[in-house]
Amino acid sequence: MESVFFRFESYDFEADLRFQDGLRGLNREGSNLLDLKLFFYNSYQQWSSASPRATPMDCGVEQPDQRTPSESENSPNQTAETEAGQLSFAEVMRLVQEGKEVPGATRLDIKATNQSPTPSQMQRRLKPWEIPSVSK
């Protein structure tokens, strides 16, 4: 997963014409620029805050001495919870298209009743032009 973050940090958004056209079309301030860049990189901010590196964008190559958490450090509940929180939109869409269950989503038990609708008990409200005007 870190390779995705390193690719994100090294990506040249200024040279990408599609990104620049979209940015001009949105007419956003510079404070929202990171939000726009993170549209599909939803886990980047969490990784960036936990990263031992001081500043983002200082290199584009993965460092081999970075340590990954072992299985003993993460509890099974914590691992399942973070996996559900880190699914991208494309991954969720793929799960839905394949008919698989999306982790963390509640399953609604909606069934058709096959009953005819009940008729309204109230009278229809009059439209403004149907209301009798009071003349003086």
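First residue of the sequence shown: 1, per UniProt numbering; consecutive thereafter.
Note that CB positions come from ideal geometry on N, CA and C, so glycine has one too.
Which of helix, strand or coil does DSSP assign to residue 128? Against the sequence shown, residue 128 aligns to sequence position 128. If DSSP states are grouped into helix, strand and coil, residue 128 belongs with the helices.
- Message: Quick check on the burial criterion: 16 or more other C-beta atoms within 10 angstroms. Buried or exposed for residue 8?
- Response: For this step, residue 8 is matched to residue 8 along the sequence shown. So residue 8 counts as buried.
Within 10 angstroms of its Cβ, does residue 55 collect 16 or more other Cβ (buried), or is it exposed?
The residue given as residue 55 occupies position 55 in the sequence shown. Reliability fails at residue 55, whose pLDDT of 47 lies under 50, so the model's placement of it is uncertain and the value that follows must be treated cautiously. Per the 10 Å Cβ criterion, exposed.
For residue 102, name the three-state secondary structure that DSSP assigns. Position 102 of the sequence shown, counted from the first residue, corresponds to residue 102. It is coil, neither helix nor strand.
Item to check | Cα-Cα separation, residue 96 to residue 86 | outcome: One-based indexing of the sequence shown puts residue 96 at position 96. One-based indexing of the sequence shown puts residue 86 at position 86. Rounded to the nearest whole angstrom, the C-alpha separation of residue 96 and residue 86 is 16 angstroms.
Query raised in the report: Hey, quick one: how far does the alpha helix (DSSP H) through residue 5 stretch, first residue to last?
Result: Counting from 1 along the sequence shown, the entry for residue 5 is found at position 5. First-last of the alpha helix (DSSP H) with residue 5: 2-10.
**Q.** Coil, strand or helix - residue 111 by DSSP
**A.** As a position in the sequence shown, residue 111 is number 111, starting the count at 1. Three-state result, residue 111: coil.
>> What does the alpha-carbon distance come out to for the pair residue 4 and residue 88?
In response: Here residue 4 refers to the residue found at position 4 when the sequence shown is read from its first residue. Here residue 88 refers to the residue found at position 88 when the sequence shown is read from its first residue. Distance from the CA atom of residue 4 to the CA atom of residue 88, rounded to whole angstroms, is 12 angstroms.
Beta carbon of residue 13 nearer than 8 angstroms to that of residue 37 = Along the sequence shown, one-based indexing puts residue 13 at 13. Along the sequence shown, one-based indexing puts residue 37 at 37. Yes, these two residues count as a Cβ contact at 8 angstroms.
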